Amino acid sequence: MATTTTKKTAKDKSKVKELEIFVWQGVNRKGKKISGELPANSIIELKAQLRKQGITPSRVKKKPKPLFGIGGGDKAITPGDIAVITRQIATMLGAGVPLVQTIEMIGSGHDNGKMRKLLGDINIKLSSGIPLSDCLRDHPLYFDDLYCDLVASGEQSGALETIFGRIATYKEKSEALKSKIKKAMVYPVAVLVIAFIVTSILLIFVVPVFQDIFSGFGAELPAFTLMVIAISEFMQAYWYFGLAGLYIAFFLFKRTHRNSLKFRDKVDVTILKLPVIGDLLEKAAVARYARTLSTTFAAGVNLIDALESAAGASGNAVFRDAILEVKAEVSSGMQMNLAMRNCKIFPDMVIQMVAIGEESGAVDDMLSKVANVYEQQVDDAVDGLTALLEPMIMAVLGVVIGGLIIAMYLPIFEIGKIV
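Numbering (numbering that gives the first Met the number 0), first residue to last: 0 to 418.
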């Protein structure tokens, strides 16, 4: 019996994945003409879903696929997209629009085909009586356990509008924090990659031209020039090995990082020890911890489950293990601020704020203030890091490229002195 149920579930999921997008026109209960797009297995099923929503369909047809697959707007759904629709749901629920109609309106009006399909599938299940949290759990790629648990708590408490507002704020803050971290990482990497490409071009294509000129001098070249020429000859002969080596190293690192939890944990530990960058990531982890715990605790989730969610959202193995340790000690009856102090990883200010919150009964409010403080510190740190790296990178570029130019012109200067 269990095997049959499993096969049936797998079959149902495959049907969901193969839903077609239909374009429809119809009239609602108020007699107003409306139209939209929805996914369904067939035209008959789509018409039945529309009638359940009080819409009398007048025209339904399968949406034509774009020529050569271009122009369909089927972009990948990003966490930023989820944050946007979460805010839209919160706004529409706050305006008194029913949940089913809210999902249908957002889905039919979205310009991304994949998002229309996702929301259409959720709307079909929601219309059939399945709770929204269960509908979202069928799409774990876009809605994680934290998101679904918060929605479930909102359904149980009857405060779905408030919960979606808090989730939207959490997602927006989280995406803003990610954007700041990426900004801090991408800028120096991009400049260094460009510097590497420029240096490689000089060594492979420009230095050989000077080398041919020097060969007619018949004089001994300076040691610095000989060193640059040797590097140039090596790159001319083996550049493809170097390129292949870099690609293989990147591929192996990415694959190992994806498949090995132990390796990811070691990378996380190492990154926190880096100067400047480590401090920035530590502040970001504290901000995520405080924001996640504040959101879940305010939504009515018990402290133990809230700490579990915060551990998963911390973004770093060191903080994940520390939060799980806090969870274990809180489960045994210890106050959270004491458990955090025992970990010796959380800043004193954070611990003191949590202690004040526990004494006053406003832990969620204090954690929200902590999150705001550390998110601002991350913002300031990113701006400071960018300002610090700009002159350093320019200095490195000047030394490398300037050194190559000096190495090439040094023999010409020496000959000028002799003449």
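C-beta: ideal position from N, C-alpha, C; glycine also. Treat the numbers as computed from the prediction; the structure is a model and nothing was measured.
Tell me which residue opens and which closes the alpha helix (DSSP H) that Gly187 is part of. Position check: residue 187 holds Pro in this sequence, whereas Gly was assumed. First-last of the alpha helix (DSSP H) with Pro187: Leu159 to Ile200.
Point to revise | Other residues of its chain near Gly53: CB distance less than 7 Å, five sequence neighbours each side excluded | key: Asn27 and Arg28
Exercise. On the three-state DSSP scale, how would you describe Ser313?
Worked result: coil
Near Gln24, which residues of its chain fall below 6 Å by C-beta distance, leaving aside the five closest residues on each side in sequence? Ser34, Ser57 and Arg58
Original post:
Near Pro130, which residues of its chain fall below 7 Å by C-beta distance, leaving aside the five closest residues on each side in sequence?
Top reply: Glu154
Quick check on the burial criterion: 16 or more other C-beta atoms within 10 angstroms. Buried or exposed for His109? buried
Secondary structure, alpha helix (DSSP H): runs of 4+ residues fully inside the segment 295-379: 302-312, 316-330, 335-342 and 347-359
Work out the CA separation of Ala39 and Ala1 for me, nearest whole Å. Confidence at Ala1 is low in this model, with a pLDDT of 40, below 50, so the placement of that residue is unreliable and no value is reported for it.
Q: Starting from Lys46, follow the alpha helix (DSSP H) in both directions and report where the run begins and ends.
A: Ile42 to Lys51
Item checked: Buried or exposed by the 16-neighbour rule on C-beta atoms within 10 Å, applied to Gly72 -> Note that Gly72 has pLDDT 48, beneath the 50 cutoff, so the model's placement of it is unreliable and the number below is only indicative. Label assigned to Gly72: exposed.
Practice task
Could you spell out the range, first to last residue, of the alpha helix (DSSP H) harbouring Ser152?
Solution key: Asp144 to Ser156
Drop a sphere of 10 angstroms on the beta-carbon of Asp347, count the other beta-carbons inside from all chains shown, and report buried for 16 or more, exposed for fewer.
exposed
DSSP three-state label for Ala39, please.
strand
*Going along the chain, which residues of its own chain have a beta-carbon closer than 8 Å to the beta-carbon of Met234, five neighbours each way excluded?*
Ser199, Leu202, Ile203 and Gly241
Suppose the cutoff is 8 Å on Cβ atoms and the five residues either side in sequence are ignored; what does the same chain contact list for Ser126 look like?
Gln48, Lys51, Gln52 and Val99
- [ ] With DSSP collapsed to three states, give me the class of Lys282.
- [x] helix
Could you check how far apart the C-beta atoms of Phe163 and Ile88 are, in whole angstroms? I think they sit under 8 Å.
5 Å
task = Measure the Cβ-Cβ separation of Ala310 and Ser173 and say whether it is below 9 Å.
result = no
Could you check whether Ile344 and Ala321 sit closer than 9 Å to each other, using their CB atoms as the reference points?
yes
Q) So, do the segment 174-183 and the segment 294-308 have three or more beta carbon pairs nearer to each other than 8 Å? A) no
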